[in-house]
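Asker:
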Amino acid sequence: MPPDRWFAVGTAGMSADDAGGRAADAALIHDDAKLLIVFCSPAEDLPELIGQVRSRSGGVPLIGCTTAGEITRDGPRDGSIVVTALGGGGFAVGTAAAAGASEDLRGAGARAARCLPSPAGHPYRVVLLLTDGLASDQDEIIRGAYSVLGAGIPMVGGCAGDGLKMTRTFQFHGDRVLTDSVVAAGISSTGPLGIGVQHGWRAVGEPMLVTGSSPNRVDSLDDRPALDVYLERLGTKPGQLHPEDLPALLLTHPLGLSRHSGEEQVRFITSADFIRRSLFATAQVPQGSLIWLMEADTSSVLEAATAACDASVAALGGFIPLGMVAFDCVARRGVLGQEGIEKEIHGLADAAGRAPLAGFYSYGEIARTHGMRGLHNYTLVILSVA
Amino acid sequence: MPALNWFAPQLVAFLEAVWSARTEAAAGLMAVERAAEALDAEVAAIVCGDRVVAVVGYPEGAVPVRELTLSAADGPHHELTVPGVGVCRVATVLLDYPAGAIFLLARAGPDGDLSHDEAGLLRGMARVTSMAMRTQRLLDDERAAREESDRQATENGRLLAELTQRQVRLTELAGEQAALRRVATLVAAQADADRIFAAVAEEAGRLLQADVGAVSKFGPEGCFTVPAIWTETGTEFAFPVGEQLPVDEGSLTDRVLRSGRASRMDTYRSAVGRLAELRDRFGLGSMVGAPIVVGGRVWGMVSVSLLSSRAKAETLPAGSEQRLADFTELLATAISNAEARGELARLAEEQAALRRVATLVATGTAPEELFNAVTVEMRSLLNAGVTSLLRYEADGTASVLAASSDPGTEVPLLSHLTLEGTSVAATVLSRGRTARFDELGGPPGSVPAVFHSLGMHSAAGAPIVVEGGLWGVILAHWQDPQSVPSGTEGRIAQFTQLVATAISNAASRAQLAASRARIVVTADETRRRIERDLHDGIQQRLVTLALQLRTVQGVVPPEHAGLLSAISQADDQLIDILDELREISRGLHPAILSEGGLGPALRSLARRASVPTAMDIGEFGRLSQPVEAAAYYVVSEALTNVAKHANATVVHVDLGIKNSTLHLSIDDDGGGGADPARGSGIIGLVDRVDALGGKLTLRSPPGGGTSLVIELPLEPGLPPVRQRPRAG
Chain D
1 MPPDRWFAVG TAGMSADDAG GRAADAALIH DDAKLLIVFC SPAEDLPELI
51 GQVRSRSGGV PLIGCTTAGE ITRDGPRDGS IVVTALGGGG FAVGTAAAAG
101 ASEDLRGAGA RAARCLPSPA GHPYRVVLLL TDGLASDQDE IIRGAYSVLG
151 AGIPMVGGCA GDGLKMTRTF QFHGDRVLTD SVVAAGISST GPLGIGVQHG
201 WRAVGEPMLV TGSSPNRVDS LDDRPALDVY LERLGTKPGQ LHPEDLPALL
251 LTHPLGLSRH SGEEQVRFIT SADFIRRSLF ATAQVPQGSL IWLMEADTSS
301 VLEAATAACD ASVAALGGFI PLGMVAFDCV ARRGVLGQEG IEKEIHGLAD
351 AAGRAPLAGF YSYGEIARTH GMRGLHNYTL VILSVA
Chain P
1001 MPALNWFAPQ LVAFLEAVWS ARTEAAAGLM AVERAAEALD AEVAAIVCGD
1051 RVVAVVGYPE GAVPVRELTL SAADGPHHEL TVPGVGVCRV ATVLLDYPAG
1101 AIFLLARAGP DGDLSHDEAG LLRGMARVTS MAMRTQRLLD DERAAREESD
1151 RQATENGRLL AELTQRQVRL TELAGEQAAL RRVATLVAAQ ADADRIFAAV
1201 AEEAGRLLQA DVGAVSKFGP EGCFTVPAIW TETGTEFAFP VGEQLPVDEG
1251 SLTDRVLRSG RASRMDTYRS AVGRLAELRD RFGLGSMVGA PIVVGGRVWG
1301 MVSVSLLSSR AKAETLPAGS EQRLADFTEL LATAISNAEA RGELARLAEE
1351 QAALRRVATL VATGTAPEEL FNAVTVEMRS LLNAGVTSLL RYEADGTASV
1401 LAASSDPGTE VPLLSHLTLE GTSVAATVLS RGRTARFDEL GGPPGSVPAV
1451 FHSLGMHSAA GAPIVVEGGL WGVILAHWQD PQSVPSGTEG RIAQFTQLVA
1501 TAISNAASRA QLAASRARIV VTADETRRRI ERDLHDGIQQ RLVTLALQLR
1551 TVQGVVPPEH AGLLSAISQA DDQLIDILDE LREISRGLHP AILSEGGLGP
1601 ALRSLARRAS VPTAMDIGEF GRLSQPVEAA AYYVVSEALT NVAKHANATV
1651 VHVDLGIKNS TLHLSIDDDG GGGADPARGS GIIGLVDRVD ALGGKLTLRS
1701 PPGGGTSLVI ELPLEPGLPP VRQRPRAG
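Sequence lines, in order, name chains D and P.
Start counting the first sequence at 1; every next residue gets the next number (the working numbering).
Start counting the second sequence at 1001; every next residue gets the next number (the working numbering).
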């Protein structure tokens, strides 16, 4: 007789024949799967890949997205597919997809969030959201979802990636491969679900006042062109900088937004406009905010990873985790380097004990447990499932 | 983070978000969402009677309307249980619009209660929400009205007029919002108070399309000042910014101050005195003022006015009072923040200056140096033209001991200036307390004449009272008449207290030094007397006794061998006793010092020292007896210490005179580690050197040898301090 709740992960290199099928086979360790979560690198034949998975799972609800790198117990990967299966009578799952998100981000968040089943005897609940990381204001998606779910339901998830090409990301729902959309899985469980969030970045120097911004764009800081002020703080000037050096600089020096509690929310700068001398961010940097330039080193980022993992396990209230899903900011890869991310993932695997681990490198992370804000950057979010 | 840093930007961001809503309902929803985000709350709601206007934090379709309306009616500081979260703490704020509505916020966790700053932010957000929703209501109505007008063509004319009027009001509201945002952004950027007031004056003037906009600040004693004034470009208007003006009975200022409400005055015909003069000079016409209420007190007033040079009948339009009041009320928080910051900065500056002076007092800085420091600090702090410190003399005159002024102005340090005429110095002397004057005048050679000749026209001062007696006065002078800021006397008085302490300390120090010097001199004299007694009395008699013994020895027959041996032994002992006595008398007060001076005395010490000692003694004549004695005993004690403790192979003694000071240094190459706290020898030397107003420095790092440096003034000068009998 299969267990009340189970969690398994299968993975395969995407260059192999029937990669989707192989990964699904490894994940489907029992017959009563309730949800499949698929993370894979961008590829030409995504519908075929999803078809391979569904050839094994049939009509089991499926969500997923493309990534900027995949995560399993064995370490970080590129060009692979990772399939996670949740199963057993202890889970009840509903899924939804909202396409055309950028026309109405708030509405898309709300539509996707209306998927949570509430059967009796399943007191633990979470909504897992996967969004298009290139859609403009991700905060609006969270606001829409919160308007449907309220304060009582935690949210977790990440923004889909495209291997840092920054052109197009894809989301999966059932047999559909979508873009510019929000997909969600509402999970109700008889066992606890724990969320951990940490970034490990710290503020440096004096704060700056955002004097001009629009969604996804910072025009001026302290009443001067934002790019000039930003580069000045890094000790350089627009004229002295090779455009090809910019991505590495942006990756390792995000902006930190101040919160009432004193803790910063990190904002990833994606690119710069050298004509208007402004900066582009993954999420809104509101006009009137105080912001700091942020920095990190390998050890603070690695410590944050372990801390996020421990916090998610602690939230299970003594239950042993069956498995973990990690949403890890792609910018952390840039800071840690290949060796660092190997260390990070092995640290996660150690903290997970024998529990399987799946995850991906994202363009933004979602975790909302207290208050209304739920979007993070440069952060590691862990969902532990007991 | 300081509250201001956090508060103002949050409010600006909130204002922008809520203002971007397109309907009243959307503005309400935007407000509750942004408030929940900014304050990390689980639930935020606007509740009006038994209706929930906007809410966030509950699952869709599961809003507990009755529970929320009851909770809102309960007032602030109670609990609300939110499904899936648990117990949250509730904060509520009453909204101006919708009438009777309440803004409710619930937050979970151990820090569920809003902090003081957060509660302030929530109140600000509630106010912005009311304004935005009211505006959107008008817009919604306008849309409805427009539809209605299409349907009812017959009523087009009437509706069109109404619409026009509303459109005007909408434009006004948008203008107010824009003005408010510009000022709030200044506050967020931490602009100084003057810049913010200037912005408020301009925004108010432009908003109401007036010729003049101004910010007034009420002072104590029925006065007010105008810190900022704005005029339409091209208008000549040399208003005396910063001047103290009286609040005349029946004036607009008087009405606003008394009632705490916005008021208008379409003519300034009844003004009298200084205000009438300003009215005639500038041609003030129709005027509206609204109070700035900070902390329940009418702090000041924002006013706008038309100039009478406009068409005769023109007055500010009806409703201007309300518009100005709305605008002003929203700015009160910003103004109070900016004002408080300015006050804090001023206080910090003042405290720093006081601390610097207090440090000088504590370290026993010479009075002249301290007096100079005080005048310099005060001049910069009070922004005065000249600051000075005067001592009252016994003959009823005053002397300038220290002064500070612009680099271009030289203040002569004159003594025995008379106190005739109208001067602060005379008033302080006669009344014994602080005083101020706005006009200076007096005959040549008097205190006021001196400062008047330096171009000064107003002054304030505070007495220096030393141990109950009036000792002197500190004065501050300004070029402009009537420019003495309120509270100046009190600020000067803080410095006079420090100066009095310093004078009193200097007097005590002088007395202590004199007493020590007396003790040292007495001890030296006693030693000299004992040495003389030894030399002239006991020593002489012992020498005589020894000679007599030798005589006896010569006449004793050789067969009395036992007796001869006894005499010989007694003789030897006598020689030993004589040597010992010589040693003692040398230690007490060497005759060679009294007779030969310091050079020969020190060289004799060096010859007798057990550690090889090199001397380098400069060329100079005889010095005063206490200085020679001090130097001699220092070297003597130091050489004894070297022999006892230092384990040194060589000692260098350098002695010279420079700038009327004796410089003496004794260095050895021994083990170091000498501790002045142990061994009374060094402590005795410190007393002796101190008594002469000198300085003794000991450096003795372990393993690095010992270095003793002494500086002794050749003419031990004591700080000049006199006590004056209490005046008045």
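We treat Cβ as the ideally placed atom computed from N, Cα and C, and that holds for glycine.
Assign P:P1448 to one of two classes, buried (16 or more other C-beta atoms within 10 Å of its C-beta) or exposed (fewer than that).
Answerer: P:P1448 should be labelled buried.
Asker: How would you write the range of the alpha helix (DSSP H) that D:R56 sits in, first residue to last?
Answerer: Residues 46-57.
Asker: Of the choices P:T1397, P:M1456, P:P1443, P:A1691, whose alpha-carbon is the least far from that of P:V1790?
Answerer: Since the first residue shown for chain P is 1001 and the last is 1728, residue 1790 of chain P is missing from the structure and cannot be characterised.
Asker: What's the C-alpha gap between P:L1417 and P:E1368?
Answerer: Spanning the two alpha carbons is a distance of roughly 19 Å.
Asker: The beta strand (DSSP E) with D:I187 in it runs from where to where?
Answerer: 182-189 is the extent of the beta strand (DSSP E) around D:I187.
Asker: Closest by CA to D:A203, which one among D:V183, D:L257, D:L241?
Answerer: Nearest of D:V183, D:L257, D:L241 to D:A203, Cα basis: D:L257.
Asker: With a threshold of 7 Å between beta-carbons, can P:A1035 be considered close to chain D, or not?
Answerer: Taking Cβ atoms only, chain D never reaches closer than 7 Å to P:A1035, which makes this a no.
Asker: So, is the C-beta of P:V1012 closer than 7 Å to a C-beta in chain D?
Answerer: True, the Cβ-Cβ gap to chain D drops below 7 Å.
Asker: Given a cut-off of 7 Å on the beta-carbon distance, is the pair D:G161 and D:V330 in contact?
Answerer: Yes, they are a contact pair.
Asker: Does DSSP put D:A367 in a helix, in a strand, or in coil?
Answerer: Strand.
Asker: Is the Cβ-Cβ distance between D:L234 and D:G186 less than 7 Å?
Answerer: No, they are not a contact pair.
Asker: Give the DSSP bridge partners of P:T1422, in chain order.
Answerer: In the DSSP output, where bridge partners are listed per residue, P:T1422 has P:G1441.
Asker: Measure the C-alpha to C-alpha separation of D:H242 and D:F274 and round it to an integer number of angstroms.
Answerer: Whole-angstrom Cα-Cα distance: 11 Å.
Asker: Since I believe P:G1461 is in contact with P:V1428 (beta carbons under 8 Å), could you give me their beta-carbon distance rounded to a whole number of angstroms?
Answerer: Correct: roughly 5 Å between the Cβ atoms.
Asker: Contact check, D:V9 vs D:G347 under 8 Å by CB: the rounded distance?
Answerer: That belief does not hold up - the Cβ atoms of D:V9 and D:G347 are roughly 18 Å apart, past 8 Å.
Asker: Indicate whether the contact test is met: 3 or more Cβ pairs, each with one atom in the segment 263-272 of chain D and one in the segment 333-347 of chain D, closer than 8 Å.
Answerer: Contact fails: fewer than three Cβ-Cβ distances are below 8 Å.
Asker: In this structure, how does DSSP classify P:W1019 when only helix, strand and coil are distinguished?
Answerer: It is helical.
Asker: Per DSSP, which one or two residues make a beta bridge with P:A1101?
Answerer: DSSP output for P:A1101 lists P:C1048 as bridge partner(s).
Asker: According to DSSP, is P:P1083 helix, strand or coil?
Answerer: Coil, per DSSP.
Asker: Grouping DSSP H, G and I as helix and E and B as strand, with all else coil, what is D:K343?
Answerer: D:K343: helix per DSSP, three-state reduction.
Asker: Assuming the contact rule is C-beta atoms closer than 8 Å, P:M1030 and P:A1021 should be a hit. Round their C-beta distance to whole Å, please.
Answerer: Their Cβ separation, rounded to whole angstroms, is 5 Å, which keeps P:M1030 and P:A1021 in contact under 8 Å.
Asker: Check for me: the beta strand (DSSP E) holding P:V1215 runs from which residue to which?
Answerer: Element bounds for P:V1215: 1212-1218.
Asker: Is the Cβ of P:Y1097 closer than 7 Å to any Cβ of chain D?
Answerer: No, P:Y1097 lies away from the interface with chain D (no Cβ there is under 7 Å from its Cβ).
Asker: Are the beta-carbon atoms belonging to P:F1218 and P:I1229 less than 7 Å from one another?
Answerer: Contact: no.
Asker: P:L1104 and P:L1068 look like a contact to me (Cβ under 8 Å); what is the Cβ gap, rounded to whole Å?
Answerer: Correct: roughly 7 Å between the Cβ atoms.
Asker: Can you confirm whether the segment 76-84 of chain D touches the segment 173-182 of chain D when touching is taken to mean that 3 or more C-beta pairs between the two stretches lie within less than 8 Å?
Answerer: Too few Cβ pairs lie closer than 8 Å, so no.
Asker: Cβ closer than 7 Å: which chain A residues qualify as neighbours of P:A1108?
Answerer: This model lacks chain A altogether, as its protein chains are D and P.
Asker: From the DSSP output, read off the bridge partner residues of P:E1637.
Answerer: Answer is none; P:E1637 lacks a bridge partner.
Asker: At a cut of 8 Å, does the segment 165-174 of chain D reach the segment 142-149 of chain D through at least three beta carbon pairs?
Answerer: Touching, no.
Asker: Measuring only the C-alpha atoms, how far is P:P1246 from P:G1300?
Answerer: Roughly 14 Å separates the two Cα atoms.
Asker: If we cut at 7 Å on Cβ distances, does D:G150 have a partner in chain P?
Answerer: Yes, its Cβ sits closer than 7 Å to a Cβ of chain P.
Asker: For the segment 1041-1055 of chain P against the segment 1086-1102 of chain P, do three or more pairs of beta-carbon atoms, one drawn from each stretch, fall closer than 8 Å, so that the two count as touching?
Answerer: With the cut-off at 8 Å, the segment 1041-1055 of chain P and the segment 1086-1102 of chain P touch.
Asker: Taking just the CA atoms, how far does D:W6 sit from D:D45?
Answerer: Taking the straight line from one Cα to the other gives about 30 Å.
Asker: How would you call P:F1014, buried or exposed, if buried means at least 16 neighbouring beta carbons within 10 angstroms?
Answerer: So P:F1014 counts as buried.
Asker: Tell whether a beta-carbon distance below 7 Å holds between P:E1203 and P:A1179.
Answerer: Cβ atoms of P:E1203 and P:A1179: closer than 7 Å.
Asker: What's the gap between the Cα of P:A1072 and the Cα of D:R106?
Answerer: The straight-line gap from Cα to Cα measures roughly 28 Å.
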